[in-house]
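The working numbering numbers the first residue of the sequence shown as 14 and each following residue consecutively. Beta carbons: idealized from backbone N, C-alpha and C, even for Gly.
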Amino acid sequence: MRSSGARRTAVATVALGALLAALSACGGPSGHGADAGASGPGGGAGESSATADPTRVPGVGDRLQGRIPAESRQVVAVYGDGEDSADSTVVLYTKQGSAWHRDRSWPAHNGVKGWTTDHHENDRRSPVGVFTLSDAGGVLPDPDPAPGAGLPYTRSAAFAAPRWWAKSYWHDFDYVIAIDYNRVEGTAPNDPTRPEGASKGGGIWLHMDHGSGTSACVSLPKPAMEHLLRTLDPDRHPVVVMGDRARLSA
């Protein structure tokens with residue numbers, strides 16, 4: 014059972030300048046590359062096998078495995094196809110006892126230029142690492158039918174992508190989950206505060222996919238975002254483990 018907790022459901026009013034600062038990592042059409050084929054689930058270092066250690070998240074080496082908090086029982090693993098690729102696969106794992114179990118997976122996209130271990134504003138690469146997932150929001154209502162459960166959710170029209178972006182991007186932020194990279198946990202995903210400074214980037218989210226790479230976020234199909242918003246539970250301390258497969262397995 015998922016326990017109840019305080020939940021942000023009120024519509025927030027966010028100034029346009031703050032919104033644009035928060036969206037800078039996800040960008041618009043100028044921040045994305047040409048269409049790239051989505052990599053489907055299955056195969057590769059991210060998938061479990063008969064010889065895999067069930068106490069470890071598949072495809073994640075000692076360096077990042079050791080950064081997964083001991084109390085975490087939900088991991089969203091983002092397996093990038095390559096260091097310079099915008100294609101990736103997202104797998105949700107849940108921990109039962111001491112063993113990790115694969116819930117389901119989806120094709121996804123990451124930064125149009127791939128991945129980096131030293132992310133900076135406007136480098137168009139997604140940061141490699143382990144980050145907590147503590148806040149969500151979007152234009153649409155929270156799809157979780159259980160009031161008071163799940164990630165705190167801020168619904169606001171301020172999440173809407175600017176209408177000067179190409180129409181294919183207009184629904185990118187209907188649902189978002191903040192990746193806790195250079196942000197203040199416990200605030201709405203579009204809060205522009207950058208504790209490590211603006212040069213380190215920020216506003217990095219899981220959000221809706223438009224069919225090609227992003228400026229640093231990870232984008233997924235709508236059913237995937239709905240499933241994550243219904244499933245991720247603060248009491249299970251969810252984290253995202255993300256990067257290209259080579260760096261993940263190191």
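H122 lies in the beta strand (DSSP E); which residues open and close that run? Residue mapping note: residue 122 aligns to position 109 of the sequence shown, counting from 1. Per DSSP, H122 belongs to the beta strand (DSSP E) from 112-122.
Identified DSSP bridge partners for Q109: Residue 109 sits at position 96 when you count from the first residue of the sequence shown. In the DSSP output, where bridge partners are listed per residue, Q109 has A112.
Just to confirm before moving on: does the CB-CB distance between V88 and V252 stay below 7 Å? Within the sequence shown, numbered from 1, the residue matching residue 88 stands at position 75. Within the sequence shown, numbered from 1, the residue matching residue 252 stands at position 239. A contact, by the Cβ cut-off of 7 Å.
To the nearest whole angstrom, what separates the beta carbons of D185 and A121, a pair I think is in contact under 8 Å? Taking the sequence shown and counting its residues from 1, the one referred to as residue 185 is at position 172. Taking the sequence shown and counting its residues from 1, the one referred to as residue 121 is at position 108. That belief does not hold up - the Cβ atoms of D185 and A121 are roughly 13 Å apart, past 8 Å.
According to DSSP, is T129 helix, strand or coil? For the purposes of this step, residue 129 is taken as residue 116 along the sequence shown, with counting starting at 1. Of the three classes helix, strand and coil, the one that applies to T129 here is strand, per DSSP.
Sequence-distant residues of its chain with Cβ nearer than 6 Å to S85 (five each side left out): In the sequence shown, the residue the question calls residue 85 occupies position 72. So the list reads H250, V252, once near-sequence residues are dropped.
The beta strand (DSSP E) with A90 in it runs from where to where? By one-based count along the sequence shown, residue 90 stands at place 77. Note, A90: beta strand (DSSP E), 87-93.
Does the beta-carbon distance from S212 to H133 come in below 7 Å? Looking up residue 212 in the sequence shown gives position 199. Looking up residue 133 in the sequence shown gives position 120. Yes; because the gap between Cβ atoms is below 7 Å, this pair is in contact.
Which listed residue (D248, Y166, E96, R115) has its alpha carbon closest to that of N123: Start at 1 with the first residue of the sequence shown, and residue 123 comes out as number 110. The candidate whose alpha carbon is nearest that of N123 is E96.
What residues match up with I81 in a beta bridge as DSSP calls it? In the sequence shown, the residue the question calls residue 81 occupies position 68. The partner list for I81 (beta bridge, DSSP) is empty, contrary to what the question assumes.
Determine the contact status of D193 and P165, defining contact as a CB-CB distance below 7 Å. The sequence position of residue 193 within the sequence shown is 180, counting from 1. The sequence position of residue 165 within the sequence shown is 152, counting from 1. It is not a contact, given that the beta carbons lie outside the stated cut-off.
Just to confirm, is the Cβ distance from A99 to V254 under 7 Å? The residue given as residue 99 occupies position 86 in the sequence shown. The residue given as residue 254 occupies position 241 in the sequence shown. Against a cut-off of 7 Å, the Cβ pair of V254 and A99 comes out as no contact.
Compare the Cα-Cα distances from A173 to each of V189, G163, A162, G161 and report the closest residue. The residue labelled residue 173 in the question sits at position 160 within the sequence shown. Of the candidates V189, G163, A162, G161, the one whose C-alpha sits nearest the C-alpha of A173 is V189.
What is the residue span of the alpha helix (DSSP H) that R249 lies within? For the purposes of this step, residue 249 is taken as residue 236 along the sequence shown, with counting starting at 1. Looking at the DSSP string, R249 is not in any alpha helix (DSSP H), and its letter there is neither H nor E.
Mind checking whether V125 and G226 have CB atoms under 7 Å apart? Position 112 of the sequence shown, counted from the start, is the residue given in the question as residue 125. Position 213 of the sequence shown, counted from the start, is the residue given in the question as residue 226. It is a contact, given that the beta carbons lie within the stated cut-off.
Along the beta strand (DSSP E) that carries R168, what are the first and last residues, could you check? As a working mapping, residue 168 is identified with position 155 in the sequence shown. First-last of the beta strand (DSSP E) with R168: 166-168.
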